[in-house]
Amino acid sequence: MQNTEEYIRERLFALQDLKYRDFSAKLIPNVPYDAVIGVRTPDLRKLAKELAGTEQGGEFIRILPHKYHEENCLHAFIIEQIKDYDQCLAEVDRFLPYINNWATCDSLSPKAFAKNKERLVAEIKRWLSDEKTYTIRFGIGMLMRYFLDEAFDPIYPEMAAGIRSEEYYVNMMLAWYFATALAKQYDIIIPYLEEKRLSVRVHNKTIRKAIESYRITKEQKDYLRTLTIK
Numbered sequence: 018m019q020n021t022e023e024y025i026r027e028r029l030f031a032l033q034d035l036k037y038r039d040f041s042a043k044l045i046p047n048v049p050y051d052a053v054i055g056v057r058t059p060d061l062r063k064l065a066k067e068l069a070g071t072e073q074g075g076e077f078i079r080i081l082p083h084k085y086h087e088e089n090c091l092h093a094f095i096i097e098q099i100k101d102y103d104q105c106l107a108e109v110d111r112f113l114p115y116i117n118n119w120a121t122c123d124s125l126s127p128k129a130f131a132k133n134k135e136r137l138v139a140e141i142k143r144w145l146s147d148e149k150t151y152t153i154r155f156g157i158g159m160l161m162r163y164f165l166d167e168a169f170d171p172i173y174p175e176m177a178a179g180i181r182s183e184e185y186y187v188n189m190m191l192a193w194y195f196a197t198a199l200a201k202q203y204d205i206i207i208p209y210l211e212e213k214r215l216s217v218r219v220h221n222k223t224i225r226k227a228i229e230s231y232r233i234t235k236e237q238k239d240y241l242r243t244l245t246i247k
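Residue numbering for the sequence shown follows the numbering used here, beginning at 18 and increasing consecutively.
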């Protein structure tokens, strides 16, 4: 009798697109090529919706670690469908240590978190203080997704600014966070650059990303260019 892992793997290979595998593998160079099947995100999300809430879906997300990149992405998309906050958080915490690339990390955006922002803050602080690259990146991503608009508080960029890392994928997410924050909370965020409160790498990458943004005015971009650290 076919077990759950075999069944899911068979479904994923049935959706395989070899040209897309070559494309996506280049975007996640730290993932072995033979661990990439080549399944497009809309197909993964469709399968996740089919499996979410089912016995098979529940069995699948208990299987860790996974062999294939797409299994990890499917796992993330199934977690997204969990409506109960506590259950969702428990599954996120169980899964985070196994995330091994930026694409899987950034695709994990649980719906239950949006309705529980006050409770989420404490978890973000915990993730930001973790040692694992993609757990930290995930925490920064949650700050960016949920706490730059109506739920914004100046304490949140302080949390992000306190992170110091040599990890490329942490620093790139920090730059993305501060560039997005400039677009949404410019007056509060610009002192972080004026006062050089970020690492040089994050500082300059933030400016570069902000200059590329259509949400930053020409005048702001001109000023940001003067703040580049050479």
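Ideal Cβ placement from N, Cα and C applies to all residues, glycine included.
None of these values were measured; they are calculated from a predicted model.
{"query": "Check whether the Cβ atoms of Val48 and Leu29 sit closer than 8 Å, and answer yes or no.", "result": "no"}
{"query": "For Asn20, count the other beta carbons within 10 Å of its own beta carbon; 16 or more makes it buried, fewer makes it exposed. Which is it?", "result": "exposed"}
{"query": "Of the choices Asp204, Glu184 and Met189, whose alpha-carbon is the least far from that of Pro171?", "result": "Asp204"}
{"query": "Starting from the N-terminal side, write out each stretch of the alpha helix (DSSP H) that is 4 residues or longer and does not extend beyond the stretch 181 to 227.", "result": "185 to 201 and 203 to 211"}
{"query": "If you draw a straight line from the C-alpha of Ala168 to the C-alpha of Ala131, how long is it?", "result": "11 Å"}
{"query": "Can you check the stretch 69 to 147 for any alpha helix (DSSP H) of at least 4 residues that lies completely inside it and give the ranges in chain order?", "result": "72 to 77, 86 to 97, 102 to 112, 119 to 124, 128 to 131 and 134 to 145"}
{"query": "How many angstroms separate the CA atom of Lys16 from the CA atom of Lys36?", "result": "Past the edges of the chain, shown from 18 to 247, lies residue 16, and the structure says nothing about it."}
{"query": "In angstroms, rounded to a whole number, what distance separates the CA positions of Tyr163 and Ser146?", "result": "19 Å"}
{"query": "Look up Gly158 in the DSSP assignment and say whether it is helix, strand or coil.", "result": "helix"}
{"query": "Helix, strand or coil for Gln248, going by three-state DSSP, please let me know.", "result": "Summary: the structure shown does not reach residue 248, with the chain confined to residues 18 through 247, and so no result is reported for it."}
{"query": "Assign Arg154 to buried or exposed, taking buried as 16 or more other Cβ atoms, counted over all protein chains shown, within 10 Å of its Cβ.", "result": "buried"}
{"query": "Please say whether Leu137 and Leu91 have beta carbons closer to each other than 8 Å?", "result": "no"}
{"query": "Between Gln73 and the rest of its own chain, which residues show a CB-CB distance below 6 Å, the 5 nearest in sequence each way excluded?", "result": "Thr21"}
{"query": "Please return the same chain residues whose Cβ sits closer than 7 Å to the Cβ of His220, not counting the five positions on each side in sequence.", "result": "Leu210, Lys213 and Ile246"}
{"query": "So what's Ser41 in DSSP terms, helix, strand or just coil?", "result": "helix"}
{"query": "Let's see if you can read the secondary structure: which residues bound the alpha helix (DSSP H) around Ala31?", "result": "Thr21 to Ala31"}
{"query": "Quick one: what's got a C-beta closer than 7 Å to Ala69's C-beta in the same chain, skipping five residues either side?", "result": "Ile95 and Gln98"}
{"query": "Checking 8 Å against the spacing of the C-beta atoms, do Pro114 and Lys66 come in under that value?", "result": "no"}
{"query": "Can you tell me which of Leu241, Lys235 and Pro208 puts its alpha carbon nearest to the alpha carbon of Ile224?", "result": "Leu241"}
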